[in-house]
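Using our numbering, the first residue of the sequence shown is number -16, and each one after it goes up by one.
Yeah, the Cβ is synthetic: ideal placement off N, Cα and C, and Gly gets one too.
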Amino acid sequence: MSTYSCPHCNVALNVNGYLILSVKNSAGMCGVVLMSDKLGDYSVHYHPSLHFEKGENIDFRCPGCRGELSYAGDQELVRIFLKDDNGDESTVIFSAIFGENSTYQISEQRQKTYGEMIAKFKDPDWYLKVREEDEV
Ligand SMILES: [Zn+2]
């Protein structure tokens, strides 16, 4: 099976088809969300006591170490690692904006985008920055 992991503590983040991430909404309410572990599937589940507004920037954290999952200091992007069935490793970056369904998967061999393209994903300079950082 595929394993998603935290870039900080390496804890596995997916169970039974769902990614489990700690979140804080813009009103400061904390909780957990279950997100489909299929790239491009944007179904998400959370307790009715939590509330998100379309367009709000969600603070995603690792449920293991509480580390921020924001990518390269950009609060609007979340980064986690993925090891697929074949043992291939890649970096998965997705939008932290609620309702913005964009995912970017980067590996040595290929790049894939899922969902709506957002401006950052179309910017070739942004893409190069990603590559440089991942090679360090
Ligand atoms: Zn962690």
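Taken through DSSP and simplified to helix, strand or coil, residue 92 comes out as coil. Taking the CA atoms as reference points, residue 39 sits about 8 Å from residue 8. Between residue 0 and residue 19, the CB-CB gap stays under 9 Å. Segment contact: the stretch 65 to 74 against the stretch 89 to 97, three or more CB-CB distances shorter than 8 Å; contact assigned.
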